[in-house]
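Scroll down for the structure; my scribbles are underneath it.
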Amino acid sequence: MKSWVVIACLICAPLPALAHKVIAGVFPAGDAIEGELGFSNGDMAVDQEVIVYGPDGAELGRTVTDADGFFLYVPKQPVAHRFTADLGAGHVANVTMNAQEVAEIMGVAAEVVETSEVQATVAGPEAVIFAGLSDEERAAIAKAVRDELRPLRREIAAYREQNDLQTILGGIGYILGLFGIGFYIAARKKLAG
Amino acid sequence: MHIVDGALSNPVVIGGAVAAVGGIAIGLRSLDLDRIPTAGVLSASFFVASLIHVPIGPSSVHLILNGLAGLLLGWAAFPALFVGLLLQAVFFGFGGLTVLGVNTVNIALPAVLAWMIFGGLIGRGSPVHGAIWGGIGGAFAIAATTGFVAISLALSGDEFLPAAKLVFFAHIPVMVIEAVLTGFAVLLARKVKPELFVKGASA
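Protein chains in written order, with this note's numbering: chain A, 880 to 1072; chain B, 327 to 529.
Structure follows, in structure tokens:
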């Protein structure tokens, strides 16, 4: 099943690159930055190289998206990270994660180790449960939570791109208004002339 | 079809903006009182057309309708399509504000070219004859737009031929659909309001 999805994505990957908006997002994922890259119609960018730049424009590193359009990047410096991908045919994705968020990711990774040591020494039912988890289990839980959240995030991203009737009607209203003003000006000119 | 912010180099963006301002100026001068409603309606059609996605195979494409706008408006297609593009950028995030000039030229200039080449042919002969030329004009405008998009990308550093091919082939279905749509629109207009084209061709 999954391989079919991948094949389908690969087949239609170059085509939808033309008629749609690029969607890109970055989120903290444990000690790494996880990003998503795709098009507004739901097709994800597969095997797309993503270049990471620092605030001064210097290249920090590169990463490649997987079959679902996700990429991972482990930050090494607590500075703003700008992720750029050129999807061809005039589609360029550009997302930035600010310095504070990157610092939090790096800080979280450091804190987890400290708290686990502290909690191991504190007696209490909750602490025991927490301390009973190994790093692998903790990572597995974090991964499971991220996997659960992924479709939600995608849905939110798609929702944000949705154009509802109000927006369309609003746009048509603006057009009517603009051409009404044009009509008014032209009519005044004609009357004056 | 809409090029996004950041995809083009600065000279291309500035050149596009200057060309767009020139086109809009010519268009506004040619836009007399009688044609303002036509321009408004076509601007609104263009604005909404990009939301109509036509599913083709695994992908989908959206309509552009610049050929129809050009054939009916001539140079006045520039301001009409500019307004549509501006609102698409603001409301839907299609394209972007910095590349608005380039996008306007890429979409409105083929419209004007279609009018220059096919505008006269549409007004002559029988309505069916005019409709066929209208359909060809509609398809031509899309083809020319893909060419202009490829040129904009090539001037910014992309390889011309692969980019042009990619955009062109992806838009073949749009060309077919727009040819049919434009043809029928011309047929209807020729029967209902024949003076629209005779005037458009002579203006």
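Where is the CB? At the ideal position from N, CA and C, for every residue including glycine.
- Task: Let me know if residue 454 of chain B comes out buried or exposed under the rule of 16 or more other beta-carbons within 10 Å of its beta-carbon.
- Result: exposed
- For residue 426 of chain B, which residues of its own chain have a beta-carbon under 8 Å away from its beta-carbon, when the five flanking residues on both sides are left out? 343, 346, 408, 411, 412 and 415
- Query: From what residue to what residue does the beta strand (DSSP E) around residue 1071 of chain A run?
  - Reply: Looking at the DSSP string, residue 1071 of chain A is not in any beta strand (DSSP E); the run it does join, the alpha helix (DSSP H), is 1044–1071.
- Message: In whole angstroms, give me the CA-to-CA distance for residue 456 of chain B and residue 431 of chain B.
- Response: Rounded to the nearest whole angstrom, the C-alpha separation of residue 456 of chain B and residue 431 of chain B is 26 Å.
- Item | For residue 522 of chain B, three-class secondary structure by DSSP | In the three-state reduction of the DSSP assignment, residue 522 of chain B falls in the helix class, which pools H, G and I.
- Comparing alpha-carbon positions, which option in A:935, A:1061, A:918 and A:940 lies nearest residue 928 of chain A? A:940
- Would you mind sorting residue 1000 of chain A into buried or exposed? The rule is 16 or more other CB atoms within 10 Å of its CB. With a pLDDT of 48 at residue 1000 of chain A, under the threshold of 50, the predicted position of this residue should be treated as unreliable, though the coordinate-derived value follows. That one is exposed.
- Item | Members of the segment 340–374 of chain B near chain A, C-beta cut-off 8 Å | 357, 358, 359, 362, 363, 365, 366, 369, 370, 373 and 374
- With DSSP run on the structure shown, which of helix, strand or coil describes residue 329 of chain B? coil
- Message: Does the structure place the segment 497–505 of chain B close enough to the segment 430–444 of chain B that three or more beta carbon pairs sit under 8 Å?
- Response: no
- Does the Cβ of residue 330 of chain B have 16 or more other Cβ atoms within 10 Å, making it buried, or fewer, making it exposed? buried
- Given that a residue counts as buried once 16 or more other Cβ atoms are within 10 Å of its Cβ, and exposed if not, what is residue 952 of chain A? Residue 952 of chain A should be labelled buried.
- Task: Please classify residue 367 of chain B: does DSSP put it in a helix, a strand, or coil?
- Result: helix
- Task: Assign residue 973 of chain A to one of three DSSP states: helix, strand, or coil.
- Result: Residue 973 of chain A falls in the strand class under three-state DSSP.
- Task: Could you tell me which residues DSSP puts in a beta bridge with residue 902 of chain A?
- Result: A:917
- Where residue 944 of chain A sits in the DSSP three-state scheme: coil
- How long is the line joining the alpha carbons of residue 1039 of chain A and residue 417 of chain B, rounded to whole angstroms? 12 Å
- Looking only at DSSP bridge pairs, what is residue 911 of chain A linked to? A:908
- residue 978 of chain A versus residue 984 of chain A: straight-line alpha-carbon distance, rounded: For residue 978 of chain A and residue 984 of chain A, the distance between alpha carbons rounds to 10 Å.
- residue 497 of chain B in three-state terms, based on DSSP: Reduced to three states, the DSSP call for residue 497 of chain B is coil.
- residue 374 of chain B to residue 973 of chain A, Cα distance in whole Å? 27 Å
- 8 Å Cβ cutoff, residue 1038 of chain A in contact with chain B: Residue 1038 of chain A is outside the set of residues whose beta carbon lies under 8 Å from a beta carbon in chain B.
- Message: Just to confirm, is the Cβ distance from residue 943 of chain A to residue 926 of chain A under 8 Å?
- Response: yes
- Task: Return the residues of the segment 1048–1061 of chain A that lie within a Cβ-Cβ distance of less than 9 Å from chain B, sorted by chain order.
- Result: Within the segment 1048–1061 of chain A, the residues whose Cβ lies closer than 9 Å to some Cβ of chain B are 1049, 1050, 1051, 1053, 1054, 1055, 1057, 1058, 1059 and 1061, listed in chain order.
- With a cut-off of 8 Å, does the C-beta of residue 413 of chain B fall near any C-beta of chain A? yes
- Message: Counting only Cβ pairs nearer than 8 Å, list the residues of chain A close to residue 391 of chain B.
- Response: Under the 8 Å cutoff, chain A gives no residues; its nearest Cβ is about 14 Å from residue 391 of chain B.
- residue 931 of chain A lies in the beta strand (DSSP E); which residues open and close that run? 928–932
- Query: Between the C-alpha atoms of residue 1069 of chain A and residue 355 of chain B, what's the straight-line distance to the nearest angstrom?
  - Reply: Cα to Cα, residue 1069 of chain A sits roughly 13 Å from residue 355 of chain B.
- Item | With 16 other Cβ atoms within 10 Å as the buried cut-off, status of residue 336 of chain B | It is exposed - the Cβ of residue 336 of chain B has fewer than 16 other Cβ atoms within 10 Å.
- Query: Roughly how many angstroms lie between the CA atoms of residue 903 of chain A and residue 915 of chain A, to the nearest whole one?
  - Reply: 5 Å
- Between the segment 1014–1032 of chain A and the segment 905–913 of chain A, do at least 3 Cβ pairs fall closer than 8 Å? yes
- Task: Report yes if the CB atom of residue 349 of chain B is closer than 8 Å to the CB atom of residue 476 of chain B, and no otherwise.
- Result: No, the pair does not count as a contact, with Cβ atoms beyond the cut-off.
- Work out the CA separation of residue 976 of chain A and residue 938 of chain A for me, nearest whole Å. 15 Å
- Query: From B:428, B:452, B:429 and B:463, pick the residue whose C-alpha is nearest to that of residue 445 of chain B; which is it?
  - Reply: B:463
- Message: Can you confirm whether residue 1022 of chain A, when its beta carbon is compared against all beta carbons of chain B, has any partner nearer than 8 Å?
- Response: no
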